[in-house]
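*Asks:* Pasting a structure here, questions to come.
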Amino acid sequence: MTRWFGTEDLHRLDVYESKAGGYTALRKALLDMKPAELVNEVKTSGLRGRGGAGFATGVKWSFINRDAPGPKYVVVNADESEPGTSKDRYIMENSPHMLLEGIMIAAYAVGANQAWVYIRGEYDGPHRMLVEAIAEARAKGYLGPKPMGVNYPLDIQLYRGHGAYICGEETALLESLEGKRAQPRSRPPFPAVKGAWGRPTLLNNVETLSTVPWIINNGGAAYVKFGTEKSPGTRLMSVSGNVRKPGVYEVELGQTFRHVIMELAGGPPDGRELKVFWPGGSSAPVLPASMLDTHTDMEALAAARSMGGSGGVIVMDDSHCVVKAAARLLRFYAHESCGKCTPCRVGSDWAVRTFDRILANEGSQVELGILERVADGLQNGRCLCGLGDSAGWVIDSTFRHFREEYEDHALRHTRARWWSRRPSSSASRSRSSATTTSSTRSAPAVSAWSSSPRDRRAHRQAARRRSPKEWW
């Protein structure tokens, strides 16, 4: 897909056509193929969504009833707000016409005449590129009432987001596109049945649609020759963090993360060792350096209890603290929560406050238990969208692979405090023993769960008189 990236002025329509064979796939789709054939070709390719969930693209297209009366829409998710991810920006800046061509093919396949590109508000450069590309396509007659002479009106419009991370979720994106507050919808109905303005809507990611022209030109059978049986093709990976050569790389699915991080991106700087990496953006559960040979296909990542996600590979070397990184991500998710779901709204805030206590040397086993319970409460579909799960995965996966770091942060200061207060001589030990004996004798024999407030108060007072040795 990125073969021609780097060609001078590839963003211009004439260069895209002359150098990269641009719009030949659209011409083939409009003049030589029927909509059902386009859908079947994409099904044959096995292309899966590159935005997060990895759903089969051809199957998703087939959910749209092309013959249903009334308008249908194509909406492109270009709201690339996932930390550590920049592959969609890479496409839009290098070859915006490739994206437009994929959008037009998808619109024709599902019976839509109108498409929307919902682009991240901070993407000034890509937005400018797309504005110019759409104007060129209209001037050339590829957009309009009769694209390439075919009586099938097509139009593409841009909509700039307003910086909300939640708009990366497809139904929250639709709410924002309609001018409403960006919050996820309950499903069903799914967007394929009731999407933008209550009409059938196809939602696809930038990279997913940019792959379609290659598939139409070369055939779905050619695409499955790349990658693995269940995860065919290639995908773009944004490698960032502690690596020598950060950037966006096109990787054949089935390669290992060792190849991506150590060979393509050059590995960590001199004198440092890889500690942990996020294989699919901040929403993907982390993997330690010992799992560097995990393959990049979706099945291998699922077996490793992680996911390909948005394709953003974040690398962290041994100079960084996993607990601090997890705390920073939880602050991000708590800030970006739309507040609609109680587990996400309350749970993420609890996690942030608990992390603050741990990092301020005020933690204990109690705080670690709170984090585990919060992580469990956020996961397993308890929220309308994946933001809650993502926040829970940050805690769960870092606990799973780096629990000793959590315990070191939470318990190190506690052990040191009590150890410094332990008696250092036999005399002080005997005094402590005598104090303990007298305190124990004077304490009322009541249960901590006694129903009497007076008894419970006496129990607490007796507990305060116990020596540090007894606590230890």
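For the sequence shown, the numbering used here begins at 25 and goes up steadily by one.
Note that beta-carbon positions come from the ideal geometry of N, C-alpha and C, so glycine has one too.
If you're wondering where the values come from, they're calculated on a predicted model, not measured in any experiment.
1) In three-state DSSP terms, what is Y40?
2) If you follow the alpha helix (DSSP H) that G82 is in, where does it begin and where does it stop?
3) Please identify the residue among P309, M261, Y47 and G149 whose C-alpha is closest to the C-alpha of L353.
4) G82 to A92, Cα distance in whole Å?
5) With three or more C-beta pairs closer than 8 Å as the rule, is the segment 267-277 touching the segment 376-387?
6) Check the C-beta distance from I419 over to A434 and give it rounded, since I have them as a contact under 8 Å.
7) Whole angstroms is fine: what's the gap from D413's alpha carbon to S200's?
8) In the DSSP output, which residue or residues are listed as bridge partners for T280?
9) Kindly indicate the opening and closing residues of the alpha helix (DSSP H) around G185.
10) Going by beta-carbon coordinates alone, are P107 and I338 separated by less than 9 Å?
11) In three-state terms, what does DSSP make of T48?
12) My assumption, with CB atoms under 8 Å, is that H425 sits in contact with P256. Please give the rounded CB distance.
13) Do R427 and P367 have their beta-carbon atoms positioned less than 9 Å apart in this structure?
14) For W302, which residues does DSSP report across the bridge?
15) Once DSSP output is grouped into helix, strand and coil, what is the label at F139?
16) Is the segment 320-332 close to the segment 358-365, with three or more CB pairs under 8 Å?
17) Can you tell me where the alpha helix (DSSP H) holding A163 begins and where it ends?
18) Indicate the three-state DSSP secondary structure (helix, strand or coil) for D500 in the structure shown.
19) Straight-line CA distance for R90 to T232?
20) Grouping DSSP H, G and I as helix and E and B as strand, with all else coil, what is P59?
21) Check whether the Cβ atoms of K111 and L227 sit closer than 9 Å, and answer yes or no.
*Replies:* If we stick to the structure as given:
1) helix
2) T81 to S86
3) P309
4) 19 Å
5) no
6) The pair is not a contact, with the Cβ atoms about 13 Å apart (cut-off 8 Å).
7) 22 Å
8) H319
9) Run containing G185: none; DSSP gives neither H nor E here.
10) yes
11) helix
12) Their Cβ separation, rounded to whole angstroms, is 30 Å, which puts H425 and P256 out of contact at 8 Å.
13) no
14) I338
15) Here residue 139 is Ala; the residue named in the question, Phe, does not match the sequence. DSSP places A139 in strand when its eight states are reduced to three.
16) no
17) D148 to K164
18) Past the edges of the chain, shown from 25 to 496, lies residue 500, and the structure says nothing about it.
19) 20 Å
20) helix
21) no
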